[in-house]
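One structure is given below, encoded as structure tokens.
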Amino acid sequence: MANLPPSHYPDIGASGEDLVAQWLQSTGWIILHRRFSSSWAEIDIIAEYDGVTGETGEKGENFSLRTQHSLLAFVEVKTRSSGSWDAGGRSAITPQKQAKISRTAGMFLAQYPEKADYFCRFDVAIVYCQRISKNLTGVTATDSALATSSAAGYKFKLQEYILAAFDSSIDNG
Numbered sequence: 001m002a003n004l005p006p007s008h009y010p011d012i013g014a015s016g017e018d019l020v021a022q023w024l025q026s027t028g029w030i031i032l033h034r035r036f037s038s039s040w041a042e043i044d045i046i047a048e049y050d051g052v053t054g055e056t057g058e059k060g061e062n063f064s065l066r067t068q069h070s071l072l073a074f075v076e077v078k079t080r081s082s083g084s085w086d087a088g089g090r091s092a093i094t095p096q097k098q099a100k101i102s103r104t105a106g107m108f109l110a111q112y113p114e115k116a117d118y119f120c121r122f123d124v125a126i127v128y129c130q131r132i133s134k135n136l137t138g139v140t141a142t143d144s145a146l147a148t149s150s151a152a153g154y155k156f157k158l159q160e161y162i163l164a165a166f167d168s169s170i171d172n173g
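Taking our numbering, the leading residue of the sequence shown gets 1, the next gets one more, and so forth.
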């Protein structure tokens, strides 16, 4: 990825975010926001998962008692070339960055108080990209990656999705 103009890099990041958003949707998540920003930070993806569980008896009978467990994921996407200096983006999630993302998540919850009681977590998606010779497009699942896509002369691989990558208390009051 050397010798690319600086204006090219946001497209790489957006393509990595696109791959992660598509993968989340394919696993049952609803994308609420992309690039939610505050004066402190930007959250790449905010996604919601509604898990409904029901009580069953010994023989599998459904009881009328059902509970809903809603979850919000504030997802930081790091798109890097395979030889990046910052451990594939992991080193870029500093305690200071975590605090900024947490404050921004608090602003999101203040704007959407109906989601304030949801369980929240902070996930990190690691996407590797490499230049390819053809302009291919699409998303596919592979054994070595959670998902892959090709766009604008690059191949993107969702290499790792780290659940609850960091803990933080959100104060939305």
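We put the CB at the ideal spot given by N, CA and C, even for glycine. All values derive from a computational prediction rather than experimental measurement.
- Around Q130, the same chain offers K155 as residues with beta carbons nearer than 6 Å, after the five sequence neighbours per side are excluded.
- Taking C-alpha positions only, F122 is separated from A73 by approximately 6 Å.
- Pairing Y49 with S81 gives a Cβ-Cβ distance that is not under 8 Å.
- Under the three-state reduction of DSSP output, L109 falls in the helix class.
- The C-alpha of D44 lies about 23 Å from the C-alpha of H69.
- Contact between the segment 108-120 and the segment 147-162 is absent, with fewer than three C-beta pairs closer than 8 Å.
- Secondary structure note for T148: its beta strand (DSSP E) is the uninterrupted segment A147 to A151.
- The residues V77, T79, V127, C129 and F156, in chain order, have a CB closer than 7 Å to that of G16 in the same chain once the five nearest residues on each side in sequence are set aside.
- In the structure shown, S70 adopts extended strand secondary structure according to DSSP, grouped into three states.
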